[in-house]
Amino acid sequence: MFAAAPEPVIEANNLYYSSLPLWITLVPLIAGIGIYLLKDHWEIPRKVVAFLTSLAALVGVIILFPLSLTGTVSYDLIDFMQLGLFFKLDIIGWIFAFLITLVWFLATIFSFAYMDFEHNRRRYYSFLIFTLGATLGVVMAGDFFTLFLFFEMMTLSSFVLVIHEQDVQSMKAGILYLYLGIFGGLALLFAIMMLYGATGSVAIVPALELLGSQRTAIFICFLIGFGIKAGLVPLHIWLPQAHPVAPSPASALLSGIMIKTGAYGILRVAVILFSSESGSPGIADASYLFIIGNVLMWVGIVTMLSGASMALLQTNMKRILAYSSVSQIGYIATGIGVATFAGIEGGMGFAGAIYHIINHAFFKAGLFMMVGTIYIYTHELELPRLGGMFRKMPLVGITFLVAAFGIAGIPGFNGYPSKTLIHDSLLIYYKDYGLLSIDMAEKIFVLTSALTICYFIKLFRGVFLGPVPEKLDREYKLPFSVNFVLALFALFITAIGIFPNYILERVLVPAAELLNYEGYAMEHLYHFHFFEWHPIEAMVIVVILALFIYIPAAYRGWFDWKPPWWLSIHALVYNPVTNRLLIFTCRSGVFVDSSVDTAYDKSGSAARKMCSYFGSLDSGIDKFYEQSGKTARKLADRSTDMDAKLDDFYEQTGKMARKVADRSTEMDSALNEAYLKTGKAAKKLAEQTSDAERKLDSVYDKAGSKARQQMEKRLSEKKEKRGYFDSSKWSTKNLSFDTLLLVLVLGIVLLVIFYFGRAN
Amino acid sequence: MTPVIMYSCRASDKLRNTLAVATAAITFILTLSLYRFVVGGGEIQLTLFEVLPNLEISMRLDLLSFCLAALASFIWLLCTIYSIDYMAKEHACGRYYPVLIFTLGSCQGIFFAGDLFSLFVFFELMSLIAYILVIHEETEEALKAGYKYLVMTIIGGLALFFGMIIVFELGGTVSLGVGVILHETSLLALLAFICFLIGFGMKAGMFPLHVWLPDAHPVAPSPASALLSGVMLKTGAYGLIRVIFHVFSPEMLQAAGWNNILAVLAVITILLGSAVALTQTDIKRRLAYSSISQLGYVLLGLSILNNNAITGAVFHIFSHAFMKSILFLAAGAIIWKTGLRVIADLKGIGRQMPVTMGCFSVAALAMIGIPPLNGFLSKWTLAMGALDAQMPLYVLVLLVSSLLNALYYLPIVIPAFFEMPGDNNHDHHDDHELEFNVQEATPRMLTVMIILALFTFIFGLTPNNIAFSLARATAEFLLLGGAF
Amino acid sequence: MGFTVHFPVLIVVVMFFTAFISPLLYRWARKLAAPAVLSALVAALVMAAALLIQVQQTGTYYYHMGGWPPPWGIEFKADPLRLYILLVVISVSLWIFIYALRDLGHELKTRVIGWYYTLYSVLVGSMAGIVLTNDLFNLFVLMEICAISACAIISIKEDRECLEASFKYLILSAMGTGCFLLGVVMLYMATGYLNYGYLYQALVEAFNFYPLNIFTAAALFIVAFGTKAALFPLHVWLPDAHASAPSPSSAMLSGLVIKIYAFALFLMFYEVFPRVVLEAIPLSEIVLWLAALGSMFGSIYAMLQTDLKKMLAYSSIGQIAYIFMGIGFHHSLALVGGFYHIMVHAVTKAMLFMVAGVIIYSTGVRKIDQLAGIGRVLPVTMVAFTIGSASMVGIPGTGGLISKWYLALSALEIGRPIFVLVILASSLLNAIYYMPIVINAFMHQDEFKKEVKPVPPVMQFCMVVGMVFIIIFGFFSKPVVTLLEQAAALFF
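Structure follows, in structure tokens:
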């Protein structure tokens, strides 16, 4: 695989084809998976594999140095995922790759000692090495698609590193990290898609003119995507939570390396993608770049200041360092911003940013490991409960001091040259443009540098000076690997600090040349002297300022002030916004969904109601007819009553007639008396006739009562019959209704027909 | 060509299972055997018999049919294998297997239908038979969901009928083999389009016709839900493709702007599905809502109507079939083993069932659209299609829904691996009961899930993999009016 | 031609003759009674089929009773459409009769079974006559016979409800017949003819002189046939009558009898009233809207029923509306759809009533909500019910779809898609009341509780035949449709 490298050519901007970048990326990825497959208790093989892999990556990257210095190494996997996987390593990428592999290698060695105290080592090493591959992939990516792919991979695999402890706090931090990472990834994807839509390719090449009207949107999306990873304010919120909870070697990598991938992305976007194809942008484009650059610079400035101030107020060692990382990323962003707005004159800012990236990797990774060393032996991260460690672990103390000097920018240590470069570039451009904003930026830069020194004094005092707490008063014996790694970091820091021009000339200048920077700034860069009074003077001012801030503040205890929760950006912006958004999405979603559901339900039940209404209409009509049937029956009953009354009436008249007959009988007897006087014969006759009369009468009587009985009998029979054939149960009621209906319909039909017929 | 195979064997469980798997396998192999023919550009239009004058049952085989038929039979095969273990605990297997295979047959019938009428016949057949799968549990809940499903299906069927009859009236034929049937826009044609939208959209879970889906899918047995979500939803999308390309023509739809109806509904579907999925606490319900939003992608792709978008839509049909099958099968395995359905109870399950949850995680990541997996590729292609059509808004919709995907899948995955069971904030004293003492699912179930998970990798990773190139070819075939 | 010339009248005569002998046979040679009716039906079927084949070859022909030519003689007409209906009537009757053989013993007292055979034969004969006759007076007579025999096969069960229902039916159908007679009288007054063909020609002229008479006659006809065929607002007698009758009678009444009157109305519209009259007054329109309302309300009422047979009866009201729609659209495709539906619905509804009969026979259950889980104990029966309901709803693969297809197509053809919606909506409603029964029958958790008598094989056989035919109608509808298209073409 190494044979794929062609013969070296001295000229710059050569293209070399080599599969080495692919292998450098792939080997850790495969090894990472491989480690996971090893058994839990195979400690030694696991360590060996991890060690060898990180070493191999380091060696591979070093081999590529001459090639990338003189040109670009690229490798193409056509059609991978339909879009092609494209590796390209130029000198800028190489710087990152080298840093990554080197720090990773050291962190791996450090882990051997550190992780012996931790659980779940198999998962840790596996993801550690896997993340190495992904991170390398990010910086060796030749186009944005490949970059995005590895970026996502890195986010996911480093998530496992963050939540390694699996306690409540780390889970919370990890989940925040993951969600923000995915959100950032999607912003990135959106940007890439728009880029692809606008230019038809995802290559990292100058394309300012091609981007068209969407360029601001693209830039913002890129900035969000990479800015989250880099920890730019206000997207940094995950960082101070996630970095402290990870195991120390992992936090060293997170802080020292991984946030740099975000910076790397911003660099690629701001300096390369948003630059003109022809080298010098038109006036409109140049002013556009100026705006973008200024925005970026100010984001950087705000980041550095707020990071530093927050760091001052922390008492947790790792949190201080995490906020410090935020602040340092601000420096880098400032440098990139300066490089962007200055166009082709931006070589100085560019070099400063890259230089600071290198330096920050060393001292921040070193610092995390030192703090980690203290933590692993004392199990204490809070400053007030620590102290006097200098006596217990002198080596750690010395190296810490060296790293702190580095980050503070003391001449002779590595932070100094990079900060000087950025600072100087600000000064130069202030001279060029004379803008107030740049002047302000420069002032804040100085203030932040002073604050940096303050919080490191605080940190150093808290950890290493003062009395040793009783609980921690015992002997500590550090293993060789720890000492070795820490010493190595200190060595790097001082080496760069003492020979700052070596890196500048060997690496940074070629990188700047690659991007065709020219003009005054480059001239300045070629002959930059770090150890002149002018740059040193600035540092002296900073140190004095720092002392002026620190002494009174420490005296009055300002640093112990804890900002209330409601002041934090979480409470002010993120929590309400995300909560509201989430609640809004869920509520509106559920609302729409359930309202559709209920609409269906309602319409269903309404339809059912309608049906039952029709049914009730039917039965209503039925009832109506039943009622009418009943009334009819009542009517019939009435008529029966009348019948009976008539009957009575007749009976009455009958009785009356009888009475009349009685009267006549009486009259008869009176007559009889009268006749008595006339003659006995006549009387006898009369008596006989009256007898006959009476007999007849009784016969009639009997016949009448018989007839009445018969009538009653018949009546009762009739009643019985009615009981059997009860008309109410006999549903003639419906019949009458139906007949009526029939007639009605007939009528309607007739009406319709006649209406139309007449019209005809 | 269509293995509409029905069998029912009550002889013995083992024989029945073997037969079921064998049938599914034969179907799959038969379908695959057509590959060479189809890729060579072959088409078959075969009339079986005429039901009515100009109205026949006919078969058609082209690239699109092949794609979906192969997909369906493959997923079916795996799900049938999975069912063997899953259903061992369940009742009424004698009903389950024949119905499962019969549904496969009618599903294949849909894909191989040569005209709208046969499509309609098989569509109804499948929908009605699938009802039996939905209500398999026969609980109160299942019956209710099933009833909803049935009513909606019938409404959809009637809408289809209406649409079809309008097409027949206007064009004189419903065959898919004659190219475009309707050339001119008219009110009736619009009515037909809307009817098709209702009919097929119902099946595809399109807003506002999705209401049956989140009820019906969760109550079915898991392999059946996998099929319902993974394959049967796709028949709706398939029908829409056929309608868009063979009844109407893309140019005509675009000129008339009717595709915008679909687009708007698709966008709402995507967002709504994702948003509501967030609020679900039952794992299978969450998956069901997720299906709604995923089908929204497919519909969105269909509404954009350009090469990339169609490719994306067809490919998403593939990828979603694989992803959602895994998710349902894995959820099924968990439910099968532990009986737990509520997401909050699943903490730490990843330790007990690492392989199952691993597959679940892979599919979930693919759903979110994490790069090396197939979900990303389909989203990418869809987004490219949207950008080609100058609609960055759609891209935004896709990404927002991806974010929501992340928000509802990760809270399942992360606690499953990284939290201890019983880590709940509320401290019930019976928390300890939640500690699982379970083993992995059976090897057969695991194998099925692993195969599917591998495919999500393969379809995502390998260059010009078979699914993608098929999707690409299909899109070209459709856009070139390949129906002649 | 030869002997087949007499087939039209022979069919009727054979049935009537069988009616006379069957009670005698039943009394003296009980075993021979049923075979006699059966063989008569088979003979009629053969004759009808032979006629159809012949008519298809040689075209329509007229049969003059006793050689007397019209307008004075009685005329029978044999055209493809009538013969198609005749074939449907006779074959379905044959099928129902086979079913009835087993079921009657359960529902009726033994002594009346012989009379039942008589009534059955008379009913079939009169229906055949109604279909074939070409003369209004003849039609009137046969309608009366048909009505009385139909009443009688309801009331033969001799329980209270049947008596009541048949009484109601009798009165209403008598009123319908009365309307019809009035109409006939008016037409006769206007023209002096009763023969369809002569009327058709004479009415064109008479329309100028007696428009009011003719309008009134038309209105009376609609009401008369509407009552008899249970067109929507005139349906009130149907649910009671069909639901309370013995199951074979219900199957006959719902499956065939009401359709005969729909067909008669069709003949009035297409063979009696000339185009001029129909264009002057919106007869079709009235029928159409009543049908549309009927198809909705029939289904809605059916939804509210709790008694299985009552539900089926209401469903018939909805389904007959489709046939009326086919008449009302006034389009050849609609005729195809309507007449196809006559066949499909005859088979389907008859089968559904058979299913109801089997359920009552073997479990005694009539209420819908008691049917839960019955699919497990009576699988064949309930599968038949499922397929029947699928056909009612219009699920593809069943005959119901084909008729709906044609109806919907013709609605579009005449530019009234609203009726497609009506058709679809009523299909949906059908689904809503049929599906829960099916679901409950098969999928309910509870086991079926009642005791179950085994279903006799004859009954099962009949249901299987029904299922097979419904599916055949769904897939292989082409020959019938072609026949109908040819027949319908004669009218346009």
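Chains as they are written, first to last, in our numbering: chain U, 4 to 763; chain C, 202 to 685; chain A, 790 to 1281.
Glycine included, every Cβ here is placed at the ideal spot set by N, Cα and C.
Inset, instruction - Could you list which residues in chain U have their beta carbon closer than 8 Å to that of M585 (chain C), in chain order? - result: The residue given as residue 585 (chain C) occupies position 384 in the second sequence. Within chain U, the residues near M585 (chain C) are M196, Y199 and G200.
Legend entry - Contact set between G1186 (chain A) and chain C, taken where Cβ atoms lie within less than 9 Å: Residue 1186 (chain A) sits at position 397 when you count from the first residue of the third sequence. What G1186 (chain A) touches in chain C: V322, E325 and L326.
Inset, instruction - Give the DSSP-derived three-state secondary structure of I258 (chain C) in the structure shown. - result: Residue 258 (chain C) sits at position 57 when you count from the first residue of the second sequence. Strand at I258 (chain C).
Legend entry - Where the alpha helix (DSSP H) containing A867 (chain A) begins and where it ends: Counted from its first residue, the third sequence places residue 867 (chain A) at position 78. Not the alpha helix (DSSP H): A867 (chain A) falls in the beta strand (DSSP E), residues E864 to A867.
Inset, instruction - Please determine if the stretch 500 to 513 of chain U and the stretch 339 to 346 of chain U are in contact, where contact requires at least 3 C-beta pairs separated by less than 8 Å. - result: Using a C-beta cut-off of 8 Å, the stretch 500 to 513 of chain U makes no contact with the stretch 339 to 346 of chain U, since fewer than three inter-stretch Cβ pairs fall below that distance.
Inset, instruction - Output yes or no for whether 9 Å exceeds the beta carbon distance between M836 (chain A) and I887 (chain A). - result: Along the third sequence, read from residue 1 onward, the residue named residue 836 (chain A) stands at position 47. Along the third sequence, read from residue 1 onward, the residue named residue 887 (chain A) stands at position 98. No, the pair does not count as a contact, with Cβ atoms beyond the cut-off.
Legend entry - Three-state class that DSSP yields for V205 (chain U) in the structure shown: The residue you call residue 205 (chain U) lines up with position 202 of the first sequence. Collapsing the DSSP output to three states places V205 (chain U) in coil.
Inset, instruction - Please report the Cβ distance between F1086 (chain A) and F617 (chain U), rounded to the nearest whole angstrom; I am assuming they are in contact, meaning their Cβ atoms lie under 8 Å. - result: On the third sequence, position 297 is the one that residue 1086 (chain A) refers to. On the first sequence, position 614 is the one that residue 617 (chain U) refers to. That pair is a contact at about 7 Å.
Legend entry - Minimum C-alpha distance to F1174 (chain A) - residue among A:I1259, A:I810, A:A1091 and A:L1093: Residue 1174 (chain A) sits at position 385 when you count from the first residue of the third sequence. Of A:I1259, A:I810, A:A1091 and A:L1093, the residue nearest in Cα terms is A:I1259.
Legend entry - Interface residues of chain A facing C614 (chain U) [CB-CB closer than 7 Å]: As a first step, residue 614 (chain U) is located in the first sequence; it is residue number 611 there, counting from the start. Per Cβ cutoff of 7 Å: I1089, M1092 and L1093.
Inset, instruction - Anything in the stretch 589 to 613 of chain U with a Cβ closer than 7 Å to a Cβ of chain C? List those residues in chain order, please. - result: Answer set for the stretch 589 to 613 of chain U: C589, S591, G592, V593, V595, D596, V599, D600 and Y603.
Legend entry - Contact with chain C by G177 (chain U), beta-carbon distance below 9 Å: Here residue 177 (chain U) refers to the residue found at position 174 when the first sequence is read from its first residue. Closer than 9 Å to some Cβ of chain C, the Cβ of G177 (chain U) qualifies, so yes.
Inset, instruction - Please compile the residues from chain U whose C-beta is within a distance smaller than 8 Å of the C-beta of L597 (chain C). - result: Stepping through the second sequence from its first residue, residue 597 (chain C) is reached at position 396. The contacting residues are F193.
Legend entry - Cβ-based neighbour list, W733 (chain U), same chain, cut-off 8 Å, excluding 5 preceding and 5 following: What you label residue 733 (chain U) is simply residue 730 of the first sequence in a count that begins at 1. Reliability fails at W733 (chain U), whose pLDDT of 44 lies under 50, so the model's placement of it is uncertain and no value is given.
Legend entry - Residues of its chain near S1180 (chain A), where Cβ-Cβ distance is below 6 Å and the 5 sequence neighbours each way are ignored: For the purposes of this step, residue 1180 (chain A) is identified with residue 391 of the third sequence, where counting begins at 1. Non-local C-beta neighbours of S1180 (chain A) in its own chain, meaning closer than 6 Å and more than five positions away in sequence, comprise T1137, T1187, G1188, G1189 and I1259, ordered along the chain.
Legend entry - Minimum Cβ-Cβ distance from I395 (chain C) to chain A less than 9 Å: As a working note, residue 395 (chain C) is residue 194 in the second sequence. Judged by the 9 Å Cβ criterion, I395 (chain C) is not in contact with chain A.
Legend entry - Residue from U:M373, U:A287, U:E690 and U:G355 with nearest C-alpha to L324 (chain U): Taking the first residue of the first sequence as position 1, residue 324 (chain U) is located at position 321. The option with the nearest alpha carbon to L324 (chain U) is U:M373.
Legend entry - Among A:S1178, A:L992, A:F809 and A:V803, nearest to F1058 (chain A) - alpha-carbon criterion: If you number the third sequence from 1, residue 1058 (chain A) lands on position 269. A:L992 is the residue among A:S1178, A:L992, A:F809 and A:V803 whose C-alpha sits nearest the C-alpha of F1058 (chain A).
Legend entry - Interface flag, F617 (chain U) vs chain D, CB-CB below 9 Å: Although the question refers to chain D, the structure presented lacks it and instead comprises the protein chains U, C and A.
Legend entry - Contacts of F1086 (chain A) in chain U (Cβ-Cβ under 8 Å): Looking up residue 1086 (chain A) in the third sequence gives position 297. Scanning chain U for C-beta atoms nearer than 8 Å to the C-beta of F1086 (chain A) yields F617, reported in chain order.
Inset, instruction - Label D604 (chain U) either buried or exposed according to how many other C-beta atoms from any shown protein chain fall within 10 Å of its C-beta, with 16 as the threshold for buried. - result: Indexing the first sequence from 1 puts residue 604 (chain U) at position 601. D604 (chain U) is exposed by the Cβ-count criterion.
Inset, instruction - State buried or exposed for L699 (chain U), treating a residue as buried only when at least 16 other CB atoms are found within 10 Å of its CB. - result: Translated into the one-based positions of the first sequence, residue 699 (chain U) becomes position 696. Exposed: under 16 other Cβ atoms inside 10 Å.
Inset, instruction - Report yes or no: is there a C-beta of chain C within less than 9 Å of the C-beta of K1193 (chain A)? - result: In the third sequence, counting from the first residue as 1, residue 1193 (chain A) sits at position 404. At least one chain C Cβ lies under 9 Å of K1193 (chain A).
Legend entry - Simplified DSSP assignment, three categories, for T386 (chain C): Counting from one through the second sequence, the residue named residue 386 (chain C) turns up at place 185. Coil.
Inset, instruction - Find out if the Cβ-Cβ distance for the pair L1042 (chain A), H1031 (chain A) is shorter than 9 Å. - result: The residue you call residue 1042 (chain A) lines up with position 253 of the third sequence. The residue you call residue 1031 (chain A) lines up with position 242 of the third sequence. Their beta carbons are under 9 Å apart, which means L1042 (chain A) touches H1031 (chain A) by this criterion.
Legend entry - Nonlocal neighbours in the same chain, by C-beta distance under 8 Å from T470 (chain C), ignoring five residues either side: Position 269 of the second sequence holds residue 470 (chain C). Correct list, in chain order: G406, M407, F408, H411, I493, S494, L496, G497 and L500.
Inset, instruction - For I547 (chain U), count neighbouring C-beta atoms within 10 Å of its own C-beta (all shown protein chains included) and say buried if the count is 16 or more, exposed if not. - result: Mapped onto the first sequence, residue 547 (chain U) falls at position 544. Its Cβ having fewer than 16 others within 10 Å, I547 (chain U) is exposed.
Legend entry - Short Cβ contact (9 Å threshold) for L226 (chain U) with V272 (chain U): To locate residue 226 (chain U), count along the first sequence from 1; it is residue 223. To locate residue 272 (chain U), count along the first sequence from 1; it is residue 269. The Cβ-Cβ distance between L226 (chain U) and V272 (chain U) falls below 9 Å.
Inset, instruction - Could you tell me how far apart the beta carbons of G549 (chain C) and A617 (chain C) are, in whole angstroms, since I believe they sit closer than 8 Å? - result: The residue you call residue 549 (chain C) lines up with position 348 of the second sequence. The residue you call residue 617 (chain C) lines up with position 416 of the second sequence. Their Cβ separation, rounded to whole angstroms, is 7 Å, which keeps G549 (chain C) and A617 (chain C) in contact under 8 Å.
Inset, instruction - Identify whether L88 (chain U) lies in helix, strand or coil by the three-state DSSP scheme. - result: Position 85 of the first sequence, counting from 1, holds the residue named residue 88 (chain U). DSSP places L88 (chain U) in the strand class (E or B) of the three-state scheme.
Legend entry - Neighbour flag for V412 (chain C) against chain U, beta carbons, 9 Å: For this step, residue 412 (chain C) is matched to residue 211 along the second sequence. Yes, because at least one Cβ of chain U sits closer than 9 Å to the Cβ of V412 (chain C).
Inset, instruction - With 7 Å as the C-beta to C-beta threshold (strictly closer), list the residues of the stretch 626 to 648 of chain U near chain A in chain order. - result: Residues of the stretch 626 to 648 of chain U with a C-beta atom less than 7 Å from some C-beta of chain A do not occur.
Legend entry - Per-residue DSSP class, three states only, for F5 (chain U): Taking the first sequence and counting its residues from 1, one reaches residue 5 (chain U) at position 2. Note that F5 (chain U) has pLDDT 37, beneath the 50 cutoff, so the model's placement of it is unreliable and the number below is only indicative. In the structure shown, F5 (chain U) falls within a helical segment according to DSSP collapsed to helix, strand and coil.
Legend entry - Among C:V614, C:T304, C:I651 and C:F363, the one whose alpha carbon lies nearest that of A270 (chain C): Stepping through the second sequence from its first residue, residue 270 (chain C) is reached at position 69. Among C:V614, C:T304, C:I651 and C:F363, the Cα nearest to that of A270 (chain C) belongs to C:T304.
Inset, instruction - Return helix, strand or coil for T877 (chain A), following the three-state DSSP convention. - result: Within the third sequence, numbered from 1, the residue matching residue 877 (chain A) stands at position 88. Per the sequence presented here, residue 877 (chain A) reads as Val, with Thr not at that position. Of the three classes helix, strand and coil, the one that applies to V877 (chain A) here is helix, per DSSP.
Legend entry - M1232 (chain A): contacting residues in chain C (beta-carbon distance under 7 Å): Walking along the third sequence from the start, residue 1232 (chain A) turns up at place 443. Within chain C, the residues near M1232 (chain A) are I336, E339 and L344.
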